[in-house]
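Heads up: the structure comes next, in structure tokens.
Right under this line is the structure:
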């Protein structure tokens, strides 16, 4: 039980750090205030948990992972509309594919390979 708790704390710390880094990438474009940036970061963190769960599910095919990650990315963008003002959200949508691209699968014979 103690090992699981330590693992959860490390994962949580890693997610928070990653969310903070992602928020910092957007900040020069969105110029958010402190409260808004924290809410943005919290939203990013929630969706990172979902994204990592999909990425670590080895029972999913690359195509299935791609579709799930695309759906998660879309939901994240929708929720950001509640965090950001309209003009910031439009800028967020413009740069999101550059800052948080969804890895796309490419066909390789009958198998699919994920292209980063």
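In my numbering, the protein residues as written are 6 to 121. Glycine included, each C-beta is placed from N, C-alpha and C at the ideal position.
Length of the line joining the Cα atoms of residue i and residue j
i           : j           : result
residue 19  : residue 91  : 30 Å
residue 66  : residue 54  : 19 Å
residue 81  : residue 52  : 6 Å
residue 26  : residue 17  : 14 Å
residue 39  : residue 70  : 34 Å
residue 47  : residue 102 : 19 Å
residue 56  : residue 77  : 7 Å
residue 68  : residue 41  : 34 Å
residue 110 : residue 72  : 10 Å
residue 85  : residue 106 : 16 Å
residue 43  : residue 87  : 13 Å
8 Å CB neighbourhood of residue i in its chain, flanking five on each side removed
i          : result
residue 35 : 45, 89, 93, 96, 97
Cβ-based neighbour list, residue i, same chain, cut-off 7 Å, excluding 5 preceding and 5 following
i          : result
residue 50 : 20, 21, 24
residue 79 : none
Residue environment, residue i, which counts as buried when at least 16 other CB atoms sit within 10 Å
i           : result
residue 104 : exposed
residue 75  : exposed
residue 14  : Since pLDDT at residue 14 reaches only 49, below the 50 mark, its modelled position is unreliable, and the value read off the structure follows with that caveat. Label assigned to residue 14: exposed.
Neighbourhood of residue i by C-beta, 6 Å cutoff - its chain only, sequence neighbours within 5 removed
i           : result
residue 100 : 34
**Message:** Under 8 Å, with one C-beta from each stretch per pair, do the segment 23 to 31 and the segment 58 to 78 reach the 3-pair mark?
**Reply:** The segment 23 to 31, when compared against the segment 58 to 78, does not touch it at the 8 Å Cβ threshold.
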